[in-house]
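Quick mapping for you: the protein sequence lines, in order, are chains C and S.
Using this note's numbering, the first residue of the first sequence is number 2, and each one after it goes up by one.
Using this note's numbering, the first residue of the second sequence is number 296, and each one after it goes up by one.
Beta carbons are placed, not taken as given, at the ideal position from N, Cα and C, and that holds for glycine.
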Amino acid sequence: MTEGQALLLATGGHLLLLAVLSFGLIKSLPPTPHQPDITPIDYVEIGPEPTVTEAPKPSMDAAPREPEPPAPAPEPVLQPAPPEPVPDISPQDVVIEEPEPQPKPKPKPEPKKPAEAKAPLKKEPLKKPETFNAGQMAALIDKNLPDAPARPRDVSAFAKSIESALPKGARISPRQIATLEQAIRSQIAPCWNPPMGGADVAEMTVVLQISLNRDGSIAAPPKFVSQTGATAGNQAYARAFVETAKRAVLRCAPLSLPADLYAHWREFELNFDPRLMT
Amino acid sequence: MKHLLLALLLLAAPAAAQLRVDITSGVAAPMPIAVPGFPTAAITETPAGSTAALGRQIAGIISNNLGGSGLFRPINEAAFPAPGMAQVQAPQFTAFRTAAAQALVTGFVTANGDGTLTVGCYLYDVFAEQELVRQGFTVTPAGWRRAAHKCSDLVYSRLTGESGYFDSRVVYVAETGPRTKRIKRLAIMDQDGANHRYLTSGQSLVLMPRFSPADETLAYMSFVNDRPRVWVYNISTGQQQAVGDFNSMTFAPRFSPDGRKLAFSVMRGGNSAIYAWDIASRSSTQLTGGGAIDTSPSYSPDGKQIVFESDRGGSQQLYVMNADGSNPRRITFGSGRAGSPVWSPRGDLIAFTRMDGGKFRVAVIRPDGSGERLLTDSWQDEGPNWSPNGRVILFSRTERNGSTSLRSIDLTGRNDRRIPTPVDASDPAWGPLLP
C-alpha cells in the first residue's frame, strides 16, 4: 500500500469515525431531509445588482471629456531648427574618421549651452531615482574619446562648408551614442512599473516616440509607434501596458541629458521590453 | 570622390538619425494611487449613515481593496487636499503629483429620492492629466459596500488590463471548539471579510465547499444523516440536493466552468474513482478506472480537460486528462507529493499543494508540467483556490499550535496576506465576480 493510499484511508477512516460519533447528535434532531442544517439565507442580502446609471448625477455631460494634455513649451521657439537631413552621421561614417591622426591632444568639448529659459510643464519633477547629470556625462564622453576627434580635421573647402552648416555636436561617435543611450535608460527604467504577472506579459513590448525640449522636458506627449504581443483577446491589457510606458516617461521628465548632443535626443524612440524581467 | 563620400554620408544620415533605446528593466513596485474621500453634494441621512460618512467609507474600502491586491499603494490622505464636488471632474493634478500619486480615484455619493444611493466613480491618470474611466453605481443603502467594490474593480481592471475580483465572495469552513470536538460550519463573506455569516449550524460536519464559477451555487461535502457525501446548494433559492446515489462516500467536488457539471470522487474500497455528474439531468459518468486513488478533479476553464491527483504511479502526483477521461498524463515529477490541484480561470497555471520535507506549500505549475514554482514557505499551507481573475490564490494555513487561518498570495509569490475571519478558518473557495 502506498503512502497516498494509507493517507486517504486514514482520512476516510477519521471522517467515518467522526460521522459515527456525530450520529447520536444528528438522530436527535428533527429530520429535515432536504435542507438538513442550512440556516435560511436571503440572497437579497447581497444587495440588488447595482444599476449602471447612464451617467452619475452632477452634470456629467457638461464636463469636458478629458483635459488637454499639459501645454508643452512650443517647440519652434526652443528649436534652432537645423536643416533636416544634415545633423546626423551614421556610426559607420565616424569609424572611417576615427583612425585619422590627432594633431591636438584632445578636442575642446563644446561649451555647454546654457539651459534654455525654463518655461516647461507645470509639473515639479519628483525626486529622480537615478543620479545623473549632464556635466558628468560630458566629462565621461570626453574621457571616452581621448584620441578620437569629434570632427575630422580634413579641411577641404567643401567639407568646411558642410561642416559649418552642421549644428554643433551633430557628429557623434558610437561611444557617445552608447553613453547617451545609457543615460536615457538609467533615467527611464527606475520610473517604469511594468504590469507584472499578466498572462501575456511575456510577449509584450511597446515602442514610443519621445520628443523633448532642450531642457529635457516633454515637448509632446509620448507617441505610440508600435507594439508586439497585443492580440484581440488582450486589448485591455495591451492598453494598460502602453500606459505604463507613457507614464514612465512623463514621471521621469525632465530628463537630464547633455545639451551639446540635443540634436540626437530631441526625438528618439523608446522600446519597452520587460521580457527579461519575467 | 570626397564629394561622393559626403553625399553618401548625408544620404545615410536620416536612417541613422533616430536613436532607439531599449528599456529592458523596470521596477516591480506597487503603483502609488490617491483615493480621497468621496464628497457629496448634499449631506443626507440614509439607513447606512450620512452620505458624507459613506463617501469616506467608500474611499476607505477602495483603498483597502487596491492596497490589498499588492499592485497599488494608496497614499496617505494627509498628503493631498480633499476634493469637493467641483474637483471630482476637475482634479487638481498638481497637488496629486506632488503627493507622488500616479493615479487618482475620486467620485461622489448622492442620496436619490427613491431611497437608493448613487455612487460615482472616476479614475484619472495624474501625469497625463487624463480621465481614464468613469462609472456610476446605484445601490440600496444596505448594499453600499458593493458600490465601493464595483468601483475598485473598475479601477483595477482599467489600470492593470485584467478583470477585477473585489465584488466577490468567499465561502470557507469556520472551525470552533476544542480540537477533539471541533465544530465545522460553512461560512460566507465578502472577499474583504465583511458581511460575514454562517450557512450551516454546525450540527453536521462539513468539508470542501466549492463555489460554482457560473452562479451562486455551492457544492460541499456533508456528513448529514450519517452519510458522507457531496451536496449542491443554491444560495439564492435555498434549494439543495445530494449528488448522485452512490453507496459509498463521495467527496472532493468541483464545478465545471459553466456550472452545469460537477466532478468529484467516489470511494471504491481502498481506492477512489472520478465521476462527472450532470446537475440538470442528475446523470453521472465515470471518468477514471478506480484502480488507484484518483481524486481532487478540477476542470480547465474551457472545460476540455481535467487536472486531478492520483497515486497510480506509486505516489500522489498530478495528472491531466481530457474531460471524458481519456489520455491521462502525469505533470508533476518533482520531489515529494503533489495534491489538491485547481486550474486557474485564466487557464495558464494550475495551483496545487506541494508536500515535501514535512511541509505543505502552495505551488503553481503550467498545465504541460513546466515552470513549477513554490509560492509559499510555511509549515502547512494547503487547499489553494483562485480569485475569479486568476491573479490571486486563496489558501489555508495551519500553525503548529493547530490554529488555522485564510491567506491570500499573488501568483507572482508576493503579497502574502491574512484574510480576516472571526474564528479559525480552513478550506476556502472563492466565488465568481458578482454581476
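- The C-alpha of ARG624 of chain S is placed about 26 Å away from the C-alpha of ALA203 of chain C.
- At least one beta carbon of chain S lies nearer than 9 Å to the beta carbon of GLU182 of chain C.
- Contact annotation, PRO378 of chain S with PRO369 of chain S: C-beta distance approximately 15 Å; criterion of less than 8 Å not satisfied.
- Residue environment: LYS556 of chain S is assigned as buried (16 or more neighbouring CB atoms within 10 Å of its CB, all protein chains considered).
- ARG713 of chain S is classed as exposed because its beta carbon has fewer than 16 other beta carbons within 10 Å across all chains shown.
- Among the bridge pairs identified by DSSP, TYR594 of chain S is matched with S:ILE601.
- Collapsing the DSSP output to three states places PRO191 of chain C in a helix.
- With contacts defined by Cβ atoms closer than 9 Å, ARG248 of chain C and ASN194 of chain C form a contacting pair.
- Under the Cβ criterion of 9 Å, LEU669 of chain S is not counted among the residues facing chain C.
- Interface residue (Cβ-Cβ distance to chain S less than 9 Å): GLY234 of chain C is not classified as such.
- In this structure, VAL383 of chain S keeps its C-beta atom at 9 Å or more from the C-beta atom of GLY431 of chain S.
- For LEU213 of chain C, no chain S residue has a C-beta closer than 7 Å to its own C-beta; the minimum C-beta separation is roughly 11 Å.
- Taking C-beta atoms as the reference points, LEU251 of chain C and ARG315 of chain S fail to come closer than 9 Å.
- With contacts defined as CB atoms closer than 9 Å, ILE483 of chain S and ILE530 of chain S qualify as a contacting pair.
- Residues of chain S with a Cβ closer than 8 Å to the Cβ of PRO275 of chain C are, in chain order, THR319, SER320 and GLY321.
- PHE559 of chain S: member of the beta strand (DSSP E) spanning 556–563, first to last residue.
- Judged by DSSP secondary structure, LYS654 of chain S falls within the beta strand (DSSP E) whose first and last residues are 654–660.
- For the pair ARG392 of chain S and ILE328 of chain S, the Cα-to-Cα distance works out to about 10 Å.
- When the beta-carbon positions are compared, ALA568 of chain S and GLY584 of chain S come within less than 9 Å of each other.
- Less than 9 Å separates the beta-carbon of THR471 of chain S from that of GLY497 of chain S.
- Taking PRO334 of chain S as the centre and dropping the five residues before and after it, the same chain places the C-beta of GLY350, PRO378, GLY379, MET380, VAL383 and PHE403 closer than 7 Å to its C-beta, in chain order.
- Within 8 Å of the CB of ALA373 of chain S, no CB atom of chain C is found; the nearest one sits about 18 Å away.
- Listed along chain S is no residue with a C-beta nearer than 7 Å to that of TYR263 of chain C; the closest approach is about 12 Å.
- C-alpha of GLN425 of chain S to C-alpha of ASN696 of chain S: approximately 52 Å in a straight line.
- For TYR570 of chain S, the uninterrupted beta strand (DSSP E) segment begins and ends at 566–573.
- For LEU258 of chain C, the secondary structure class from DSSP, reduced to helix, strand or coil, is coil.
- C-alpha of ARG607 of chain S to C-alpha of ARG464 of chain S: approximately 36 Å in a straight line.
- It is roughly 17 Å from the alpha-carbon of ALA239 of chain C to the alpha-carbon of MET278 of chain C.
- Its Cα nearest to that of ARG267 of chain C, the residue C:PRO255 stands out among C:PHE273, C:ASP274, C:PRO255 and C:ARG276.
- Between THR532 of chain S and PRO436 of chain S, the C-beta gap is not smaller than 9 Å, which leaves the two residues out of contact.
- By the Cβ criterion, the segment 673–682 of chain S is in contact with the segment 714–725 of chain S, since at least three pairs of Cβ atoms, one from each stretch, lie closer than 8 Å.
- Contact check for ASP448 of chain S and ASN359 of chain S: beta-carbon distance about 14 Å, past the 8 Å limit, so the pair fails to qualify.
- By the 16-neighbour rule on beta-carbons within 10 angstroms, ASN371 of chain S is exposed.
- For chain C, the residues of the segment 450–470 of chain S that bring a beta carbon within less than 9 Å of one of its beta carbons are SER452, ARG453, LEU454, THR455, GLY456, GLU457, SER458, ASP462 and ARG464, in chain order.
- Non-local C-beta neighbours of ARG549 of chain S in its own chain, meaning closer than 8 Å and more than five positions away in sequence, comprise ARG505, ALA514, LEU557, ALA558, PHE559, SER591, PRO592, SER593, TYR594 and VAL637, ordered along the chain.
- For VAL450 of chain S, the enclosing alpha helix (DSSP H) covers residues 439–455.
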